[in-house]
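**Q**
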Amino acid sequence: MKKLLLTLILSCLPLLARADAWSESYRLEAIGRYADAAAQIEGQVRNGEYAQIRHAWLLYLQGRFEESIAGYKRAGTMNPRSIDAHLGVTLPLMAQWKWQEAAEVTRALLSKAPGNYAATVRLLVIEEALKQWRPMAEDAAQMAARYPSDATAWVYLARAEAWQNNVDRARDAYQRVLQIVPGHLEATKYLAKK
């Protein structure tokens, strides 16, 4: 019986070591030690999509943007339907101000996953950076229609309308923001001026 128990314990050690590596990776990330967090799971990166995505995320946090992009793309190759992998590519692109390329990736993703919340928010951020006010207004309006209780959609719609000098539409959108988030600083400030 003791021999059986010892065999069972020894056979579980590799699983426990992997679990401990993941726990340690998350602990190290939480305290800002991103390279050490990545090192904890490097041996598992080729074993699955999630490990690849997590590793790419940790590379992004270190500012190793090209390696991060490559990692997210590898994860996308492992699972071509992965929204996480394809969306992940946008983060290092945006961090490098590669707005046009980030927009292309995001629009391609939205063609596969129309209405995806995270992708739509990223597209709004990108369109704002590119000063694409009309497309930003259109995308924000569609998002606000899908998520009418989401202040983010209304804020981006209000900004786009304000930049296009559509004062009434901007005012309406900012008033909606205040219904959702009373005291919202940006909305309050805009409406006080108009």
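Numbers 10 to 203, taken from our numbering, label the letters of the sequence shown in order. We treat Cβ as the ideally placed atom computed from N, Cα and C, and that holds for glycine. Everything numeric in this text was worked out from a predicted model, so none of it was measured.
Is Asp148 buried or exposed, if buried means 16 or more other CB atoms sit within 10 Å of its CB?
**A** Burial call: buried.
**Q** Can you tell which of Ala79, Tyr81, Lys121 and Thr115 has the C-alpha that lies nearest to the C-alpha of Ile135?
**A** Taking only the C-alpha atoms, the option nearest Ile135 is Thr115.
**Q** Helix, strand or coil, according to DSSP, for Lys140 in the structure here?
**A** Residue state, collapsed to three classes: coil.
**Q** Would you check if the distance between the CB atom of Leu132 and the CB atom of Ala150 is smaller than 9 Å?
**A** Not in contact: Leu132 and Ala150 (Cβ atoms no closer than 9 Å).
**Q** For Val130, I'd like the list of residues in its chain whose CB is within less than 7 Å of its CB, leaving aside the five on either flank, ordered along the chain.
**A** So the list reads Thr161, once near-sequence residues are dropped.
**Q** My output table needs one value for Ala104: the three-state DSSP class, helix, strand or coil.
**A** Helix at Ala104.
**Q** Which residues in the same chain as Ala182 place their Cβ atom closer than 7 Å to its Cβ, once the five residues preceding and following it in sequence are excluded?
**A** Once the five neighbours on either side are set aside, the close Cβ partners of Ala182 are Trp163, Leu166, Ala167 and Glu170.
**Q** If we call anything under 9 Å between Cβ atoms a contact, is Gln61 one with Ala44?
**A** No, they are not a contact pair.
**Q** Distance, Cα to Cα, Ala122 vs Ile92?
**A** Taking the straight line joining both Cα atoms gives about 8 Å.
**Q** Could you name the residues of the same chain whose beta carbon sits closer than 7 Å to that of Val98, not counting the 5 residues immediately before and after it, in chain order?
**A** Correct list, in chain order: Ile78, Tyr81, Lys82 and Val114.
**Q** Just how far apart, CA to CA, sit Lys202 and Glu195?
**A** Going by the C-alpha atoms only, they are around 11 Å apart.
**Q** Which of the three DSSP states, helix, strand or coil, is assigned to Arg42?
**A** Of the three classes helix, strand and coil, the one that applies to Arg42 here is coil, per DSSP.
**Q** Out of Gln105, Glu58, Gln53 and Asn174, point me to the one whose CA is closest to His95's CA.
**A** Checking every option, the nearest Cα to that of His95 belongs to Glu58.
**Q** Taking the alpha helix (DSSP H) that Gly80 falls in, what are its first and last residues?
**A** Unbroken alpha helix (DSSP H) run through Gly80: Phe74 to Met87.
**Q** With 16 as the cutoff for other CB atoms within 10 Å, does Arg55 come out buried or exposed?
**A** Result: exposed.
**Q** Identify, in the order they occur along the chain, each residue of the same chain with its Cβ nearer than 7 Å to the Cβ of Gly192, setting aside the five sequence neighbours on each side.
**A** Contacts found: none.
**Q** From which residue to which residue does the alpha helix (DSSP H) around Arg55 run?
**A** Arg55 -> no alpha helix (DSSP H), and no H or E assigned at all.
**Q** Helix, strand or coil for Asp159 per DSSP?
**A** Here Asp159 sits in coil by DSSP.
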